[in-house]
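Here is the structure we will look at.
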Amino acid sequence: MKPFSKWTKQDVEEEFGLSSVRDSPTLQTWLTNIQAVSDDEAARLGRLAEKLRTHAHDWNEEELKIYFIAFLLDFVEFYQPSYRPFLERELSVNYAEDKKIWGIVDFLVASGTQFPKEPVFFLHEYKKQLDTSNDPLGQLLAEMVAAQALNSRPHPIYGAYIIGRHWYFVVLEGKTYAESLAYDATKDDIMQIVGILRHTQLLIDRIIHSGGLNSGA
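Under UniProt numbering, the first residue of the sequence shown is numbered 1, with each subsequent residue one higher.
This is the structure in structure tokens:
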């Protein structure tokens, strides 16, 4: 009965039989089939990147979340009739006899209106740039494994963890996962980050329309 915050990458791999792969067509498609932002959006994102560049070493988790993450997510329409974003929600799964995985998730997109039902996408950590006291990938993978158990049909689970200015995108399919290189949100990478997040919203739409998620409260 270990919470998400206590899992490491090695723990998750050993407990759930996961392995990492370098070549993932699903990850490659997710990260590359993205649309460019408009000139107006590029200007806004440039100002946001400069703000992060100035404060990345000083903000705590809440400040990073409020002053940067929230503004970045405002570029993406995760609020839809069949799903929505949730903040600071608890997930809990009994995955074996007397074994439970649970915890509070920073940000997730899931079906449901009042409470998350079937999660598809996670953002994890919001950590300070210099704080490396735990294992954000391990914690994210634990959340994604829980999501697999909560979904009624198998499909990829998407996620990202954030350490200060750096974003890492992760996809979990069955027992394998793949992780991107770092995207630096203080540079032009911020345009790609928004493009990837918008592509994520389209992928969630496809999963739902194919019957992969149950909507409703």
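Don't be surprised by glycine CBs; every beta carbon is placed ideally from N, CA and C.
Spatial distance of L141 from Y177 (CA atoms):
9 Å
Count Cβ pairs between the segment 81–88 and the segment 38–57 that sit closer than 8 Å; are there 3 or more?
no
Leaving aside the five residues before and after T71 along the sequence, list all residues of the same chain whose C-beta is less than 6 Å from its C-beta, in chain order.
In the sequence as displayed, the identity of residue 71 is Phe instead of Thr. Result list for F71: L48, in chain order.
Rounded straight-line distance, which links the Cα of R44 to that of Y95
44 Å
Quick check on DSSP: helix, strand or coil for W59?
coil
Just the Cα atoms here: how many angstroms apart are E14 and Y158?
Take the alpha-carbon of E14 and the one of Y158: they are about 21 Å apart.
State the CB to CB distance for the pair T200 and F121, rounded to an integer number of angstroms; the pair is presumed to be in contact (CB under 8 Å).
5 Å
If we require 3 or more residues per run, which beta strand (DSSP E) segments fall completely within the segment 88–125?
99–111
How big is the Cα-Cα spacing for Q148 and Q35?
28 Å
Whole-angstrom C-beta distance between E179 and L137, which should lie under 8 Å:
Between E179 and L137 the Cβ distance is about 7 Å, and since that is below 8 Å, they are a contact.
Rounded to a whole number of angstroms, what is the C-alpha to C-alpha distance between L203 and F169?
L203 and F169 have their C-alpha atoms spaced approximately 14 Å apart.
Following the continuous beta strand (DSSP E) through L172, name the residue where it begins and the one where it ends.
166–173
Secondary structure at D184, three-state DSSP: helix, strand or coil?
strand
For H155 versus I207, is the C-beta spacing smaller than 8 Å?
yes
Can you tell me whether E179 is helix, strand or coil according to DSSP?
strand
Mind checking G17: buried by the 16 CB within 10 Å criterion, or exposed?
exposed
Would you call the CB atoms of I101 and V145 closer than 8 Å?
yes
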